[in-house]
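There are 4 protein chains.
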Amino acid sequence: MNLHIITTGGTIDKIYFDAKSDYQVGEPVIGELLDSMGAGFPYTVESAMRKDSLDLTEEDRMLIRRSVERCAERKVLVTHGTDGMVRTGQALKDIPGKTIVLTGALQPAAFKGSDAIFNIGCAIGALQAAVPGVYIAMNGRLFEIDNVRKNLEKNRFEPTAPE
Amino acid sequence: MNLHIITTGGTIDKIYFDAKSDYQVGEPVIGELLDSMGAGFPYTVESAMRKDSLDLTEEDRMLIRRSVERCAERKVLVTHGTDGMVRTGQALKDIPGKTIVLTGALQPAAFKGSDAIFNIGCAIGALQAAVPGVYIAMNGRLFEIDNVRKNLEKNRFEPTAPE
Amino acid sequence: MNLHIITTGGTIDKIYFDAKSDYQVGEPVIGELLDSMGAGFPYTVESAMRKDSLDLTEEDRMLIRRSVERCAERKVLVTHGTDGMVRTGQALKDIPGKTIVLTGALQPAAFKGSDAIFNIGCAIGALQAAVPGVYIAMNGRLFEIDNVRKNLEKNRFEPTAPE
Amino acid sequence: MNLHIITTGGTIDKIYFDAKSDYQVGEPVIGELLDSMGAGFPYTVESAMRKDSLDLTEEDRMLIRRSVERCAERKVLVTHGTDGMVRTGQALKDIPGKTIVLTGALQPAAFKGSDAIFNIGCAIGALQAAVPGVYIAMNGRLFEIDNVRKNLEKNRFEPTAPE
């Protein structure tokens, strides 16, 4: 697998700035995570933006879409904040020949017990097996983009269609 | 996805017994890991054995195969020691209609920076997307069982066919 | 050692609320940390307030002082935000017969690699050996309260007197 | 504080060698731990030996004693396996003018939730406050060397005298 990774910000990349007693989106963590896990495939990382996903505009989403279209790889991982993830996924539909998986984290990767590395694992496993299309990998599940929502109350992703 | 998990022991489940200054295979960690990651699908766990994979016999492998055949689920995850993982995978071929993914860890799940949760993520992502067959998910890659070996010198999994 | 612990909030207790994409002071972590470390002494925990230390008022500091004076134990640990820690320590001087150590963390205890458990260890080791007085345990050093400041630029504690 | 650290091996330094499915004493971890915790004092590290403490001989203990006597620093931290820690401490008595604290870990420092960094913190806090003598810092307690034993059954340190 040759993998292209597009990072957009979101909780997964949040770090803590003591000076400001505040939380901000830091450098993308994905490269360091993959290397520390002994990932045995080539990948490229492109930092498209560093935003909370609630702040993403339609222009941002078009920029992400162009990055997906333009890259040579047929497998694309997008790390993303959880709140606007479904909407961005919708904006990435109908790109022929590409398998695109969006993932992120409910707790920053810097936290003990964060779901970041698990979610990235799910995304990477799915990318190698799934037919072209757009998917979200969260809560250990692989969702097709037209059958997923974030349940804000339960703070988890679930299918929109009854199971 | 309804998932059946068969645990067999291996490094992933190793813990440290100070009393004996020794390392032993402990309780399967997979259930606790999945719950802590917020996994959003039903699963069952069956502890088939607790062995170093170098100690697995052909009888053990037949026992694992029968567990895979017998379970109602069509998606089966097998956690396994890394040394005998390929051989066990070979023993699980040609079970119709089932997607079987073997995974494990090069460092015990109890270790900081262990690859366990990442590998399990990869396996679970792949299980949802892959056609029936037997696969190994290690080093962030999904290998078909007839095209994988553990490179002992490099301590990593790689394809047997040239890439 | 019978230890009384007074918690006041600060970075050490900060957790991440995904719902608000925000960081807030959560439940005091000290009890869980001590238990998980196998601490072999009796202790009591009193949550005096849950604030960023920049928000502490002189009234808050008088409340902390009264808690120290009132408790039966002669060893008192105060967990505190780092920005106002020296000032609170100054407000705890001249309480006869009590050894008081303030500590906290530059990174939340929930973070991988946080200094929280190390700082608490330093404080607890010092509490058992130090003569009555007020001290700050940060950056692996035990400072007397009249010879310490937080160097904001370097984000670390240091003595005010030349070494 | 100028601190001299003598490492002798023990559980604290144990790592896992997958190639051998075995656990061995690795490089001393103390320097890396102190740096990652932002320790703000100068220290030197001397690796005296790398042994399980059950394997330490009287000759080894004399070698450790000579290292303590010889070093210029008056504060000395000895990291040590837990089984022979009390005996080594006995062998370090009556070195005038030096405060010596032995510590170690019941779980390797490489483990999630290891007590290593907490114990080291306790030792370092105690070293700065304690009068010259030999102490053990384990389970959050500072023991004088003539009033401590390892309770093998409970796997923890406790005083020999009734409390």
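Residue numbers (our numbering), protein chains in the order written: chain A, 1 to 163; chain B, 1 to 163; chain C, 1 to 163; chain D, 1 to 163. Even for Gly, the Cβ is constructed at its ideal location relative to N, Cα and C.
Can you give me the Cβ contacts of residue i inside the same chain, cut-off strictly under 6 Å, excluding the 5 residues immediately before and after it?
{"i": "residue 160 of chain D", "result": "147, 149"}
{"i": "residue 4 of chain C", "result": "44, 71, 73, 76"}
{"i": "residue 110 of chain D", "result": "15"}
{"i": "residue 50 of chain D", "result": "9, 25"}
{"i": "residue 99 of chain C", "result": "75, 127, 130, 132"}
{"i": "residue 28 of chain B", "result": "7, 13, 47"}
{"i": "residue 52 of chain B", "result": "81"}
Quick check on residue i: does DSSP put it in helix, strand or coil?
{"i": "residue 24 of chain B", "result": "strand"}
{"i": "residue 46 of chain B", "result": "strand"}
{"i": "residue 157 of chain A", "result": "strand"}
{"i": "residue 41 of chain D", "result": "coil"}
{"i": "residue 89 of chain A", "result": "helix"}
{"i": "residue 100 of chain A", "result": "strand"}
{"i": "residue 119 of chain C", "result": "helix"}
{"i": "residue 152 of chain D", "result": "coil"}
{"i": "residue 95 of chain C", "result": "coil"}
{"i": "residue 19 of chain D", "result": "Low local confidence applies: a pLDDT of 49 at residue 19 of chain D is under 50, so the model's placement there is unreliable, and no value is given."}
{"i": "residue 147 of chain A", "result": "coil"}
Looking only at its chain, what residues have a beta carbon closer than 8 Å to the beta carbon of residue i, apart from the 5 residues adjacent to it on each side?
{"i": "residue 41 of chain A", "result": "1, 2, 3"}
{"i": "residue 97 of chain C", "result": "74, 132"}
{"i": "residue 155 of chain D", "result": "106"}
{"i": "residue 58 of chain C", "result": "91"}
{"i": "residue 151 of chain D", "result": "157, 158"}
{"i": "residue 65 of chain D", "result": "91, 92, 95"}
{"i": "residue 86 of chain D", "result": "136, 145, 148, 149, 150"}
First and last residue of the alpha helix (DSSP H) that includes residue i?
{"i": "residue 61 of chain D", "result": "58 to 70"}
{"i": "residue 133 of chain B", "result": "Residue 133 of chain B -> not in any alpha helix (DSSP H); beta strand (DSSP E) instead, spanning 133 to 138."}
{"i": "residue 6 of chain B", "result": "No alpha helix (DSSP H) contains residue 6 of chain B, which is instead part of the beta strand (DSSP E) from 3 to 9."}
{"i": "residue 32 of chain A", "result": "30 to 36"}
Excluding sequence positions up to five away, which residues of its chain have a Cβ less than 7 Å from the Cβ of residue i?
{"i": "residue 19 of chain B", "result": "With a pLDDT of 49 at residue 19 of chain B, under the threshold of 50, the modelled position of this residue cannot be trusted; read the value that follows with caution. Answer for residue 19 of chain B: no residue qualifies."}
{"i": "residue 163 of chain D", "result": "none"}
{"i": "residue 63 of chain A", "result": "48"}
{"i": "residue 144 of chain C", "result": "133, 135"}
{"i": "residue 89 of chain C", "result": "102, 134, 136, 145"}
{"i": "residue 36 of chain B", "result": "none"}
{"i": "residue 67 of chain A", "result": "6, 46, 48"}
{"i": "residue 34 of chain B", "result": "43"}
{"i": "residue 69 of chain D", "result": "95"}
{"i": "residue 84 of chain A", "result": "53, 54, 56"}
{"i": "residue 31 of chain D", "result": "45"}
Report, in whole angstroms, the separation of the C-beta atoms of residue i and residue j, which I expect to be a contact under 8 Å.
{"i": "residue 82 of chain A", "j": "residue 106 of chain A", "result": "6 Å"}
{"i": "residue 142 of chain A", "j": "residue 126 of chain A", "result": "5 Å"}
{"i": "residue 11 of chain A", "j": "residue 104 of chain A", "result": "6 Å"}
{"i": "residue 140 of chain C", "j": "residue 118 of chain D", "result": "Not really, about 13 Å apart at Cβ, beyond 8 Å."}
State the start and end residues of the unbroken beta strand (DSSP E) segment that holds residue i.
{"i": "residue 141 of chain D", "result": "141 to 144"}
{"i": "residue 79 of chain D", "result": "75 to 79"}
Worksheet entry | Interface residues of the stretch 104 to 124 of chain C facing chain A [CB-CB below 7 Å] | Against chain A - using a Cβ distance shorter than 7 Å - the residues of the stretch 104 to 124 of chain C are 106, 107, 108, 110, 111, 112.
Worksheet item: Residues in the stretch 134 to 153 of chain B with C-beta within 7 Å of chain A's C-beta atoms, listed in sequence order?
Response: Going along the stretch 134 to 153 of chain B in chain order, one finds 137, 139, 140, 141, 142 with a Cβ nearer than 7 Å to chain A.
Practice prompt. Note down, in chain order, all residues in the stretch 34 to 45 of chain D with a beta-carbon under 7 Å from any beta-carbon belonging to chain C.
Written response: Within the stretch 34 to 45 of chain D, the qualifying residues are 34, 36, 37, 38, 39, 40, 41.
Item to complete: For the stretch 1 to 14 of chain C, enumerate the residues whose C-beta is nearer than 8 Å to any C-beta of chain D, in chain order.
Response: Answer set for the stretch 1 to 14 of chain C: 1.
Worksheet item: Quick one, which residues of the stretch 70 to 98 of chain B are near chain A if we go by CB-CB under 7 Å, in chain order?
Response: Listed in sequence order: no entries.
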